[in-house]
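Below you'll find the structure, written out as structure tokens, and then a few comments.
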Amino acid sequence: MNRRFGIRKKYFSNMVAILLIALLLSSACVLTYTRQSTASTIVESYVYLTEKMGMTMENLFQKTDEVTAECILYDGVQDSLLAEELTGDEQNSLSKYFAYINLEDVEEYCYVDNKENVYTRSYSKVTYHDFLESGLADTLGEDYAKTQWVWTEDYLFSDGEMALFIVRYVRSLEYAHEPGMLFLKMGDGFLEEIFGEEELSDAVSVGVMTADGELCASWVPEGYELAQEDLEQVAVLSGKMSGTAQEEVTVLSEKMASGRYLIYRQADCGFTIFTFVPNSTLNSGLSQIQMVLVIIFVLTGFIAAVLSMFFARRFTRPIRYISDTMSEFDGNDFGHFLELHTNTELDQIGQSYNEMLHNIEQLLEDIRKQERELRKSEMNTLIAQINPHFLYNTLDTIYMLARMNKEETTMQMIQALSRYLKLCLSKGSEMVTVEDELDNVRSYMEIQQIRNKNLFQYEIECDIEVRRRLVLKLILQPLAENALHYGFGEIYEGGLIRITVADDKGGLLLKVYNNGTPMREDMRRLLNRLTDLPITEMKNCFPDGQHGYGVVNIVTRLRLQYGEGVGFAYETDESGTCCVMRLPEMPE
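In my numbering, the protein residues as written are 5 to 592.
Here it is in structure tokens:
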């Protein structure tokens with residue numbers, strides 16, 4: 005009884021401890037996830053707001069660019085750039101023209117032609133001297149004809165108050181004259197249009213900043229204040245964004261000490277829109293969620309403790325645990341160990357069982373390793389056993405051609421042989437690209453065309469998308485050699501070998517066709533059975549040793565490399581013989 009009570013007590017105390025730890029960890033995880041999820045949801049809503057404002061600013065810049073372009077194209081503006089002065093009526097007409105351009109919130113305008121004539125509203129009375137003193141000409145910079153937004157002090161129409169100007173050089177479309185200069189002073193409503201007509205949330209602040217980091221428009225709820233160091237950081241981040249291509253609306257999200265800044269930079273004008281979401285907004289509603297979670301977890305912990313006590317009194321867990329674990333073992337999961345700390349003889353049983361699983365797993369791993377090494381050794385042996393008969397014939401042909409002093413032909417032969425040997429070796433790699441494998445068989449057939457003039461032609465067709473895929477090397481050349489040796493053995497000209505490679509549902513479909521003498525039906529059936537036989541029995545299909553060696557070599561290597569999903573078959577009809585290989589997609 006005491007022993008059983010000790011097991012029950014240990015079970016209950018351990019279960020309660022595990023539950024408490026699990027509840028604490030899950031509580032921390034849920035609270036962390038809730039905080040991040042809530043903040044992420046809030047940030048996403050304001051990312052959309054920032055993108056919307058960014059699109060508005062994009063549209064405004066596009067509008068200003070189109071309006072200034074229309075001004076440049078206006079006949080009166082172009083006439084003002086000519087050498088001949090405009091008449092008084094023409095100058096008055098041109099001054100009035102700018103008052104009716106299709107752009108809202110234009111408070112003042114100033115156009116200066118290349119003859120120092122100034123065109124403004126009739127009541128402005130601005131002279132060329134006033135224009136030079138204002139320093140606005142310096143804001144144009146060296147841009148040839150680009151529309152610019154400039155936030156600067158206005159000494160032309162006021163006493164130095166900050167204002168937004170739309171500026172652009174005005175150049176003649178027909179003559180290489182000095183350019184004029186166009187300045188449009190925009191009212192406060194121009195930038196405020198970016199914020200939208202709907203009321204902004206009292207939980208965030210928004211603003212528009214120049215490329216130099218100057219704040220030119222903002223909306224800040226009562227009680228909030230934008231930290232100067234945060235604004236400086238926003239300016240730095242905006243400068244980094246200027247080096248990236250902006251093909252679509254992109255908002256940069258940056259966490260700072262006081263909250264999160266969402267930054268959008270308009271690439272053409274260099275202005276930046278930012279939305280500041282304070283920490284109080286990001287954490288809004290979190291306290292109520294935390295309280296609900298605490299109540300849920302306390303109730304869950306209480307119920308779990310009661311249930312643990314109830315079940316601890318009903319079950320003798322260690323013996324059932326051992327029985328269940330051994331019954332569930334399926335021969336695959338060797339990590340399913342017994343974890344027993346009962347201070348009884350059952351602990352030794354569990355330890356012995358765990359050691360047995362470990363030893364079995366180690367033994368199976370050793371067997372698998374030996375099988376992999378054996379297969380690799382067999383593949384290397386098969387590759388090394390490729391019949392060198394072709395190489396001997398080629399060298400003999402080169403020798404004969406050299407004796408006949410056919411230098412050009414000899415060069416072709418040597419080049420083809422060089423390519424062939426290079427692809428055969430492939431730096432010891434068993435896998436080559438489809439393109440390299442085709443180059444290999446192409447070199448082989450070029451050599452054979454020199455040896456057997458007018459005997460045959462060849463065609464190679466390969467889908468573009470499969471050229472860079474990897475394939476087992478030296479699987480096409482032996483098939484082409486068989487076509488020459490057996491298919492064209494009874495003809496002297498007019499032969500055709502066609503090799504095609506195409507995609508086959510992620511794998512490869514390879515065909516080698518020849519129009520020579522069709523393969524015998526008994527031989528075709530024998531070769532088509534190779535993929536159904538065990539690898540070790542394929543060599544026994546041709547006991548005479550005179551036929552099928554090259555094909556057996558190919559099928560063996562393919563099955564070792566690709567597994568049992570390989571397809572290999574010969575098809576014959578009156579027109580000739582075609583070998584079809586289907587290779588499954590190679591695993592990563």
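Even for Gly, the Cβ is constructed at its ideal location relative to N, Cα and C.
Values in this document were obtained by computation on a predicted structure and should not be read as measured data.
- Whole-angstrom Cβ separation of V445 and A484, contact assumed at under 8 Å? The sequence position of residue 445 within the sequence shown is 441, counting from 1. The sequence position of residue 484 within the sequence shown is 480, counting from 1. Rounded, the Cβ-Cβ distance is 5 Å, consistent with contact.
- Message: DSSP has I277 in a bridge; who is on the other side?
- Response: Numbered from 1 along the sequence shown, position 273 holds the residue referred to as residue 277. Its beta-bridge partners are V212 and Y268.
- Message: Given this structure, state the Cα-to-Cα distance separating E541 from T560, to the nearest angstrom.
- Response: Position 537 of the sequence shown holds residue 541. Position 556 of the sequence shown holds residue 560. One C-alpha to the other measures close to 10 Å.
- Query: DSSP state of M435, grouped into three classes?
  - Reply: Residue numbering aside, residue 435 sits at position 431 when the sequence shown is read from its first letter. If DSSP states are grouped into helix, strand and coil, M435 belongs with the strands.
- Query: Do the CB positions of M260 and S242 come within less than 8 Å of each other?
  - Reply: Position 256 of the sequence shown, counted from the first residue, corresponds to residue 260. Position 238 of the sequence shown, counted from the first residue, corresponds to residue 242. Contact: no.
- Message: Quick check: the Cα distance between C582 and E375, rounded to an integer number of angstroms?
- Response: On the sequence shown, residue 582 is found 578 positions in, with the first residue counted as 1. On the sequence shown, residue 375 is found 371 positions in, with the first residue counted as 1. C-alpha separation (whole angstroms): 35 Å.
- Query: With respect to the beta strand (DSSP E) encompassing D507, which residues constitute its N-terminal and C-terminal limits?
  - Reply: Along the sequence shown, one-based indexing puts residue 507 at 503. Where D507 is concerned, the enclosing beta strand (DSSP E) stretches over G499 to D508.
- Message: Which runs of the alpha helix (DSSP H) at least 4 residues long sit entirely within the segment 94-149? Give them in chain order.
- Response: 132-138
- Message: Using 8 Å as the threshold, is the C-beta distance between M590 and I277 below it?
- Response: Position 586 of the sequence shown, counted from the start, is the residue given in the question as residue 590. Position 273 of the sequence shown, counted from the start, is the residue given in the question as residue 277. With contacts defined as CB atoms closer than 8 Å, M590 and I277 fail to qualify as a contacting pair.
- Compute the beta-carbon to beta-carbon distance between L98 and T68, rounded to the nearest angstrom, for a pair I have assumed lies under 8 Å. In the sequence shown, residue 98 corresponds to position 94, counting from 1. In the sequence shown, residue 68 corresponds to position 64, counting from 1. Taking 8 Å as the upper bound for CB-CB distance, L98 and T68 are not in contact here, some 20 Å apart.
- Message: In the DSSP assignment, the alpha helix (DSSP H) including R529 goes from what residue to what residue?
- Response: The sequence position of residue 529 within the sequence shown is 525, counting from 1. Per DSSP, R529 belongs to the alpha helix (DSSP H) from E525 to N532.
- Query: Can the beta-carbon of D467 be found closer than 8 Å to that of R586?
  - Reply: Taking the first residue of the sequence shown as 1, we reach residue 467 at position 463. Taking the first residue of the sequence shown as 1, we reach residue 586 at position 582. Taking 8 Å as the Cβ cut-off, D467 and R586 do not qualify as a contacting pair.
- Task: Return yes when the Cβ of Y268 is within less than 8 Å of the Cβ of E55, no when it is not.
- Result: For the purposes of this step, residue 55 is identified with residue 51 of the sequence shown, where counting begins at 1. For the purposes of this step, residue 268 is identified with residue 264 of the sequence shown, where counting begins at 1. Yes; because the gap between Cβ atoms is below 8 Å, this pair is in contact.
- Item | Per-residue DSSP class, three states only, for V255 | Residue 255 sits at position 251 when you count from the first residue of the sequence shown. If DSSP states are grouped into helix, strand and coil, V255 belongs with coil.
- Go ahead and pull the three-state DSSP assignment for V154. In the sequence shown, counting from the first residue as 1, residue 154 sits at position 150. V154 falls in the strand class under three-state DSSP.
- Can you tell me the Cα-Cα spacing of L144 and F169, whole angstroms? Position 140 of the sequence shown holds residue 144. Position 165 of the sequence shown holds residue 169. Whole-angstrom Cα-Cα distance: 11 Å.
- Could you spell out the range, first to last residue, of the alpha helix (DSSP H) harbouring V171? As a position in the sequence shown, residue 171 is number 167, starting the count at 1. Element bounds for V171: not the alpha helix (DSSP H) but the beta strand (DSSP E), E165 to V174.
- Task: Would you mind sorting E218 into buried or exposed? The rule is 16 or more other CB atoms within 10 Å of its CB.
- Result: Taking the sequence shown and counting its residues from 1, the one referred to as residue 218 is at position 214. So E218 ends up on the exposed side.
- Message: Rounding to the nearest angstrom, what Cα-Cα distance links V555 and Q461 in this structure?
- Response: Sequence index remark: in the sequence shown, residue 555 carries index 551 (1-based). Sequence index remark: in the sequence shown, residue 461 carries index 457 (1-based). Rounded to the nearest angstrom, the two C-alpha atoms are 23 Å apart.
- Query: Do L297 and S17 have their C-beta atoms within less than 8 Å of each other?
  - Reply: Along the sequence shown, read from residue 1 onward, the residue named residue 297 stands at position 293. Along the sequence shown, read from residue 1 onward, the residue named residue 17 stands at position 13. No, they are not a contact pair.
- Runs of alpha helix (DSSP H) lying entirely within the segment 51-87, each at least 4 residues, in chain order: 79-84
- Message: Helix, strand or coil for N391? Go by DSSP, reduced to three states.
- Response: Counted from its first residue, the sequence shown places residue 391 at position 387. In this predicted model, N391 has a pLDDT of only 48, less than 50, meaning its place in the structure is not dependable enough to derive any value.
- If you follow the alpha helix (DSSP H) that I558 is part of, which residue opens it and which one closes it? To locate residue 558, count along the sequence shown from 1; it is residue 554. Its alpha helix (DSSP H) spans residues Y553 to Y566.
- Please list, in chain order, all residues of the same chain as S176 whose beta carbon is under 7 Å from its beta carbon, the five residues on each side excluded. Translated into the one-based positions of the sequence shown, residue 176 becomes position 172. Q82 and L85.
- In terms of residues, what are the limits of the beta strand (DSSP E) holding M585? The count along the sequence shown starts at 1 and reaches residue 585 at position 581. Counting along the chain, the unbroken beta strand (DSSP E) around M585 starts and ends at G580 to L587.
- For C617 versus M295, is the C-beta spacing smaller than 8 Å? Outside the shown range of the chain, which is 5 to 592, sits residue 617, and nothing can be said about it.
- Simplified DSSP assignment, three categories, for V475: As a first step, residue 475 must be located in the sequence shown, where it is residue number 471. V475 sits in a strand when the DSSP states are folded into three classes.
- Item | Element boundaries [beta strand (DSSP E), containing E463] | On the sequence shown, residue 463 is found 459 positions in, with the first residue counted as 1. Start and end: F460 to C466.
- Throw me the rounded Cβ distance for the S205 and F280 pair, which I believe falls under 8 Å. Counting from one through the sequence shown, the residue named residue 205 turns up at place 201. Counting from one through the sequence shown, the residue named residue 280 turns up at place 276. Not really, about 11 Å apart at Cβ, beyond 8 Å.
- Task: Report the residue from R172, Y159 and G139 whose alpha carbon sits nearest the alpha carbon of W153.
- Result: What you label residue 153 is simply residue 149 of the sequence shown in a count that begins at 1. For W153, the nearest C-alpha among the options comes from R172.
- Message: At the level of alpha carbons, what is the spacing between F314 and M19?
- Response: If you number the sequence shown from 1, residue 314 lands on position 310. If you number the sequence shown from 1, residue 19 lands on position 15. Roughly 12 Å separates the two Cα atoms.
- Please name the residue, chosen from G552, N557 and P588, that lies closest to G569 on a Cα-to-Cα basis. The residue you call residue 569 lines up with position 565 of the sequence shown. Of G552, N557 and P588, the residue nearest in Cα terms is P588.
- Tell me, to the nearest whole angstrom, how far the beta carbon of I464 is from that of L500; I am working on the premise that it is less than 8 Å. Residue 464 sits at position 460 when you count from the first residue of the sequence shown. Residue 500 sits at position 496 when you count from the first residue of the sequence shown. With 8 Å as the limit, I464 and L500 do not qualify as a contact, their Cβ atoms being about 12 Å apart.
- Message: Less than 7 Å between C-beta atoms, sequence neighbours within five positions excluded: which residues of the same chain meet that for V224?
- Response: Walking along the sequence shown from the start, residue 224 turns up at place 220. Closer than 7 Å at Cβ, skipping near neighbours: S209 and L230.
- Message: Considering Cα atoms alone, identify which of G552, T60, Q352 and E369 is closest to L195.
- Response: Locating residue 195 in the sequence shown gives position 191, counting from the first residue. The shortest C-alpha separation from L195 is found at T60.
- If Y113 and L188 are in contact, beta carbons under 8 Å, what's the gap, nearest whole angstrom? One-based indexing of the sequence shown puts residue 113 at position 109. One-based indexing of the sequence shown puts residue 188 at position 184. That pair is a contact at about 5 Å.
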